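*Asks:* The opening position of the sequence shown corresponds to residue 29 in my numbering, with each subsequent residue numbered one higher. Glycine included, each C-beta is placed from N, C-alpha and C at the ideal position. Quick caveat: nothing in here was measured; it's all calculated off a predicted structure.
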Amino acid sequence: MTTTHPAIRAIVFDKDGTLVSFHRTWDPAVDSALREVCEDDTMRRGLAEAIGYDITNRRVLDDSPFVAESAETLDLLVEPFADPRAFEAAVVRAGSLHAAAEPGAYVLVEALAAGGVPLAIATNDSELSATQQFTELGMVDHFVGMFGYDSGFGSKPEPGMVVAAAEAMGVPVGETAMVGDSSTDVHSGLAAGAVTVYFAPGKVDGELDEAADVTIKSLADLPAKLGLSIS
Ligand SMILES: [Mg+2]
29 MTTTHPAIRA IVFDKDGTLV SFHRTWDPAV DSALREVCED DTMRRGLAEA
79 IGYDITNRRV LDDSPFVAES AETLDLLVEP FADPRAFEAA VVRAGSLHAA
129 AEPGAYVLVE ALAAGGVPLA IATNDSELSA TQQFTELGMV DHFVGMFGYD
179 SGFGSKPEPG MVVAAAEAMG VPVGETAMVG DSSTDVHSGL AAGAVTVYFA
229 PGKVDGELDE AADVTIKSLA DLPAKLGLSI S
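1. Using a threshold of 8 Å, state whether the C-beta atoms of Leu-89 and Asp-82 are closer than that.
2. Can you check whether the CB of Leu-147 is closer than 8 Å to the CB of Val-106?
3. Cβ of Thr-224 versus every heavy atom of ligand 1: is any distance shorter than 7 Å?
4. So, at 6 Å on beta carbons, what are the nonlocal neighbours of Ser-183 in its own chain, with the 5 sequence-adjacent residues on each side left out?
5. Should Asp-178 be listed as close to ligand 1, given that the test is whether its C-beta is under 7 Å from any heavy atom?
6. Just the C-alpha distance for Ala-114 and Pro-34, rounded to the nearest angstrom, thanks.
7. Would Ala-158 pass as a contact of Leu-247 if the rule is Cβ separation under 8 Å?
8. If Met-206 sits next to Val-232, beta carbons under 8 Å apart, how far is it from one beta carbon to the other, in whole angstroms?
9. Are Thr-224 and Asp-241 close, meaning C-beta to C-beta below 8 Å?
Below, the structure written as structure tokens:
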């Protein structure tokens, strides 16, 4: 859905599936973390199944606990197979090593930053993981702040991270866009009072398309859709 919205002066981005390519990053990263922390193949297979990782096809399954569950719940799922702290550390390390940008992410982020648009990240991943991934990708300096589930502002779909990010960027939240690929992004943006952008590079979810202020199929479309004139 496209509605009229106020002029946008700052942008909050989701990380995974929006600026960071989800499967290109996490499919190999989880595989590597499983190998690192599990003592034997039985444990590795057990942990893979518990967190929703297809060990044969080396793929994080859609709606897997690895993606959908809170860090606390994930720890409980990991516990029978490996030390949760060691697994989390291995995942963060591997996620940084394997970090891959979504097509068009570099060009967009560089153009927005060069155009003087303040940018921030709001992710349900940890602040450390986000910071390390964007450092690895060479984009970290373009962001005013990185907000994760552990930054003290709650998790999406709650509005806390979006509100905190707007504040850090010095822009009223109503003049800030929240851009993301999932329901939690759209709903955190709506709850915060931001202009919500649903990024749907694949199949468009009708309900999210309807709920969001703007829907884009490609990151390259974002500036024009938000009325930002950057080159
Ligand atoms: Mg996402």
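*Replies:* Quick answer:
1. Taking 8 Å as the Cβ cut-off, Leu-89 and Asp-82 qualify as a contacting pair.
2. Taking 8 Å as the Cβ cut-off, Val-106 and Leu-147 do not qualify as a contacting pair.
3. Outside the cutoff, so no.
4. Counting only Cβ-Cβ distances below 6 Å, and skipping sequence neighbours, we find Asn-152 and Tyr-177.
5. No, since every heavy atom of ligand 1 falls outside the 7 Å radius drawn around the Cβ of Asp-178.
6. Taking the straight line joining both Cα atoms gives about 46 Å.
7. With a cutoff of 8 Å on beta-carbon distance, Ala-158 and Leu-247 are scored as not near each other.
8. About 18 Å separates the Cβ atoms of Met-206 and Val-232, ruling out a contact at the 8 Å cut-off.
9. Pairing Thr-224 with Asp-241 gives a Cβ-Cβ distance under 8 Å.
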